[in-house]
Amino acid sequence: MVFTSLNFLIFLPVVMLLFYITPVKYRWLTLLISSYFFYINIKPIYALLSGGITVSTYVFTRLIDKTPDDNKKRILMILNVIIILLPLLFFKYFAVINNELILLLDDWHLRWPLPEMRYILPIGISYYTFMCIGYTIDVYNEEIEAEKNIGIVALFVSFFPLILSGPIERAKNMLPQFRDFQRINYDDLVKGMQLMLWGFFMKLVVADRIAMYVDVVYGNIESYSGNSLLLAAILYPFQVYADLGGYSLIAIGVSKVLGIRVIDNFKRPFFATTMAEFWRRWHISLITWLTDYLYTPLSFSLRKWGLWGIILALELTFLISGIWHMASMTMVVWGLLQGTFLSIEAVTSKRRTKFEGKYSLSNKKWYMLLSMMFTFILFAISQVVGRVDTVGESWMVFRKIFSEWGSFYLDMTTLFYAFIGIVIIILKDFIDEFFPERINFFTNKRVWVRYSSYLTVAFVIILFGVLEGNSFIYFHF
């Protein structure tokens with residue numbers, strides 16, 4: 132069951148009705164049952180795995196909370212992090228490493244004792260693994276008390292709007308809300324519906340339309356010219372933004388109609404003027420998690436190395452980010468590229484600031500636009516590596532873009548709808564970035580403007596959306 136399926140459009144109103152009629156004291160139980168039903172509907176075995184991690188997290192956080200000895204607390208924390216990570220490491224990485232070893236040893240005419248393995252990656256495991264690790268570390272650091280109700284912990288791990296693809300939430304935000312549900316607020320209900328509507332637009336009208344072109348070109352790189360590959364490379368960042376951004380808005384909107392506040396996951400990333408700013412706007416829940424639990428401890432431990440310590444911390448953080456996304460060399464290179472871009476910015480920061488101040492460039496619109504374009508180009512380059520299956524294919528894409536232009540693959544209908552969708556998203560982000568109070572549609576004070584906007588977006592989704600129920604890109608991660 133995915134957000135864009137008919138089943139979900141039936142499931143959500145039923146859950147909302149049951150939630151609203153349930154006494155406040157037991158609403159957590161209604162959401163827990165609903166969340167497990169949602170997850171079991173995908174594959175029952177996934178719920179058993181999630182339940183096992185929940186039990187481990189509950190038991191160890193309670194033990195950490197009760198243990199006065201710091202060394203024992205540290206051992207308990209490390210043990211639980213290892214237990215939480217084991218299923219992720221097994222399902223996501225073991226088979227890949229094993230199969231690569233088979234290929235490598237075959238070249239040397241050696242026999243590896245384990246046969247080739249293929250496992251289905253449990254959907255959402257990457258996300259709730261990070262959430263449970265963060266919760267365990269927060270309890271260890273005494274930033275939050277361990278939750279005494281195992282049902283509340285289970286709901287935190289399995290909460291259905293977030294379990295499949297985030298946002299990656301924190302226990303300190305979610306657990307208090309699950310313990311003490313507030314009265315349903317009409318404004319939250321309306322805002323949640325607005326977010327869901329726009330999320331469906333981003334996913335169905337923009338992301339899935341772009342996918343119809345990008346998937347064809349990247350699916351057979353050898354057959355397409357450099358100009359077709361260049362267009363696909365430009366479109367793909369918009370596809371990922373509309374796909375994951377759309378999912379996040381739907382997830383945040385569903386949570387809001389249930390009275391739950393969830394972290395924003397995107398903040399108009401294509402208006403960033405540096406890569407550092409870009410990563411403060413893109414997949415915010417993941418980046419803040421990596422910053423708090425990886426980059427900050429790493430940079431602190433490497434502080435004696437000065438700037439080189441910061442560079443190493445950046446490279447390691449984004450290397451882990453790449454591996455978290457997927458067990459492949461392409462994502463390793465993707466992570467190293469991101470770390471390199473950010474490291475170069477860190478090294479040149481003082482000189483760049485001095486140069487911008489000398490010529491008063493910071494507030495000049497043309498300079499901001501060039502900076503935004505350059506940042507987008509860097510991200511698009513990295514996304515080429517992230518999109519292909521092998522590093523060799525990424526080199527082929529770049530080589531063709533620079534040297535093998537030829538016949539242009541044009542699917543005019545798909546590209547027209549995709550282009551219109553991109554323009555609409557960029558215009559909306561532009562308004563939200565620079566004129567948030569002056570131009571409003573969904574939040575306009577005039578009722579006729581609001582409802583006309585709702586109906587227009589709904590009509591566009593029905594008329595131009597790809598309604599075949601395509602899954603979200605980040606389900607694969």
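Using this note's numbering, you'd call the opening residue of the sequence shown number 132 and step up by one each time. Just so you know, even glycine gets a beta-carbon here, dropped at the ideal spot from N, CA and C.
Taking the Cα positions, Ile281 is about 21 Å away from Ser257.
Here the alpha carbons of Met333 and Ile556 stand approximately 8 Å from one another.
Asn316 carries a coil assignment under DSSP once its states are collapsed to helix, strand and coil. Distance from the CA of Leu328 to the CA of Phe547, rounded to the nearest whole angstrom, comes to 22 Å. Ala364 places its beta carbon less than 8 Å from that of Val515.
Just measuring C-alpha positions, the residue of Leu586, Asp542 and Lys156 sitting nearest Phe309 is Lys156. Between the segment 269 to 280 and the segment 366 to 375 there are fewer than three inter-stretch CB-CB distances shorter than 8 Å, so the stretches are not counted as touching.
Contact check for Thr188 against Val337 fails: the beta carbons are separated by 8 Å or more. In this structure the segment 490 to 504 lies against the segment 397 to 413, because at least three pairs of beta carbons, one per stretch, are closer than 8 Å. In this structure, Leu335 lies near Ile592, with their beta-carbon atoms less than 8 Å apart. In this structure, the straight-line span from the alpha carbon of Lys322 to that of Gly537 is close to 48 Å.
Taking every protein chain shown into account, the CB of Thr185 has 16 or more other CB atoms within 10 angstroms, so this residue is buried. Scanning Trp455, Val146, Phe595 and Met460 for the CA closest to the CA of Leu252 turns up Trp455. In the three-state reduction of the DSSP assignment, Lys303 falls in the helix class, which pools H, G and I. Across the set Val478, Phe134 and Thr419, the C-alpha of Thr419 shows the shortest separation from the C-alpha of Ile299.
The beta-carbon distance between Tyr259 and Ile294, rounded to whole angstroms, is 6 Å. This is short enough to meet the 8 Å contact definition. Boundaries of the alpha helix (DSSP H) around Asp563: Met543 to Phe565.
In the three-state scheme derived from DSSP, where H, G and I count as helix and E and B as strand, Ser386 is classed as helix. For Pro400, the CB contacts under 7 Å within the same chain, skipping 5 residues up- and downstream, are Tyr372, Phe409, Arg412 and Trp413 in chain order. Ranked by Cα distance from Met527, the options Ser356, Thr422, Lys495 and Tyr540 are led by Ser356.
The DSSP-derived three-state label of Leu362 is helix. At a Cβ-Cβ threshold of 8 Å, Ser525 and Thr461 count as neighbours. Where Asp339 is concerned, the enclosing alpha helix (DSSP H) starts and stops at Asp339 to Tyr349.
For Asp196, the enclosing alpha helix (DSSP H) covers residues Pro175 to Lys197.
Residue nearest to Lys303 within the set Phe139, Ile264 and Leu433 is Ile264 (criterion: CA-CA distance). Beta-carbon to beta-carbon, Ser296 and Phe539 are separated by about 34 Å, too far to satisfy the 8 Å threshold.
In this structure, the beta-carbon distance from Ser430 to Ile441 falls below 8 Å.
In this structure Met262 is in contact with Val288, their Cβ atoms being roughly 7 Å apart against a cut-off of 8 Å. Cβ-Cβ distances below 8 Å link Ile176 to Pro253 in the same chain, with the five nearest sequence neighbours on each side left out; the list follows chain order.
In this model, Phe573 and Thr198 are separated by some 51 Å (Cα to Cα).
Residue environment for Ile152: exposed (fewer than 16 other C-beta atoms within 10 angstroms of its C-beta). Residue burial annotation: Lys204 is buried, with at least 16 other C-beta atoms found within 10 angstroms of its C-beta. Secondary structure of Thr587 (DSSP, three-state): helix.
Counting other Cβ atoms within 10 Å of its Cβ, Ser181 reaches 16 or more and is therefore classed as buried. Counting of Cβ neighbours within 10 angstroms places Pro292 among the buried residues, the total reaching 16 or more. 8 Å or more divides the Cβ of Leu219 from the Cβ of Phe191.
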